[in-house]
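Visitor: Dumping the structure here so I can ask a few things about it.
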Amino acid sequence: MDLKIGERFVMETGSSDFSKTPRRLGEPAPAHRWPHRPGQALIALPKADAAKRTNIELFDAIVQRTSVRAYSDEPLSLEDLAYLLFCTQGIIKPIFFHTDTTHRTAPSAGARHPLETVLYVRRVAGLAPGLYRYDPYEHALLAEPFNQNGFEEKWAAGMASNRFEKNAAVSFVWAAVPERVTWHHAQRGYRNLFVEAGHLGQNLYLAAQSIGCGACTLNVFEDAILNELCGLDGYKTFAVYAACVGKLSNERETK
Ligand SMILES: Cc1cc2nc3c(=O)[nH]c(=O)nc-3n(C[C@H](O)[C@H](O)[C@H](O)COP(=O)(O)O)c2cc1C
């Protein structure tokens, strides 16, 4: 049978026999946390509930959810950003302190939490435009190396046909760290990376809506460009899903 790569992926990851996973063979679990770069400063974020201003009913938020591709020039507040980050990847409580296993606002198979958040910030009050990572353990941002020269053009190339993204106040890139899932579920774990990104996306849609923002999740992007800009090597860490967010605008949407 001449199977295409997608078909092979589904077929070859079809078993849930985990008797020979690295975990079962006694290999140590990979780190749950992304390492900080030497000397990298932490930018503390406000508590997530500081932005909880609207009391939209969950049912209404679900019914009204839609992809928003037009944004106003108004910046997000740091409280808004902190809220969105917490609602997507925030830690509610530790499960095991000694292993950094956590219970978060989105589910994760085996509590492996294989996704990390990289942000491209254009308009967030109190933050210099640039690239950041979210550290959910500290509920803080880490500024990433950023060279403004030509960055916007390169980023637009990474965003492929999603031209509206250039008007977003902040864009999220969810990066996968596959060793966290292959340790637990071997190659089948790769499925979790994409499934779990969907959870974060839906949480972002609903959370954005509850603070007067609009969001659109993105899967149309150029992996190689986006990975390079986000400091991801493209296989041990790579972008699986993205999203852009901005304050709501009255303008008609153009794709
Ligand atoms: C996995 C996924 C990838 C998507 N990628 C893009 C994208 O790259 N560009 C875009 O404009 N919209 C993207 N969207 C948004 C969809 O186009 C949108 O959900 C769809 O048109 C239905 O509209 P609604 O979200 O308002 O219901 C994506 C949505 C999902 C779930």
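Sequence positions in the sequence shown follow this note's numbering and run 400 to 654.
Every residue gets a Cβ at the ideal spot worked out from N, C-alpha and C, and that includes glycine.
Output the distance between the C-alpha atoms of Asp479 and His431, rounded to the nearest integer angstrom.
Guide: One C-alpha to the other measures close to 26 Å.
Visitor: Do you know whose CA, among Asn546, Arg562, Leu518 and Thr498, lies nearest Gly509's CA?
Guide: Out of Asn546, Arg562, Leu518 and Thr498, Thr498 has the C-alpha closest to the C-alpha of Gly509.
Visitor: What are the start and end residues of the alpha helix (DSSP H) that includes Trp573?
Guide: Not the alpha helix (DSSP H): Trp573 falls in the beta strand (DSSP E), residues Val569 to Ala575.
Visitor: How is the beta strand (DSSP E) around Lys553 delimited, first residue to last?
Guide: Careful: Lys553 lies outside any beta strand (DSSP E), inside the alpha helix (DSSP H) at Phe550 to Gly557.
Visitor: Just checking Asn618 against ligand 3 - is the residue's beta carbon closer than 7 Å to any of the ligand's heavy atoms?
Guide: The ligand content of the structure shown is limited to ligand 1, which means ligand 3 is not among them.
Visitor: Is the region 632 to 645 touching the region 572 to 592, taking contact as three or more C-beta pairs under 8 Å?
Guide: Yes, the region 632 to 645 touches the region 572 to 592.
Visitor: With the cut-off set at 8 Å, would you say Leu477 and Leu526 are in Cβ contact?
Guide: Contact flag set, yes.
Visitor: Cβ of Asn561 versus every heavy atom of ligand 1: is any distance shorter than 7 Å?
Guide: True, at least one ligand heavy atom lies under 7 Å from that Cβ.
Visitor: When the distance is taken between beta carbons, is Val569 closer than 8 Å to Leu475?
Guide: For Leu475 and Val569, yes; Cβs fall inside 8 Å.
Visitor: Among Gly413, Asn454, Val580 and Val619, whose alpha-carbon lies nearest the alpha-carbon of Ser560?
Guide: Among Gly413, Asn454, Val580 and Val619, the Cα nearest to that of Ser560 is on Val619.
Visitor: Quick one: what does DSSP say Ile624 is sitting in, helix, strand or coil?
Guide: Note: Ile624 maps to helix in three-state DSSP.
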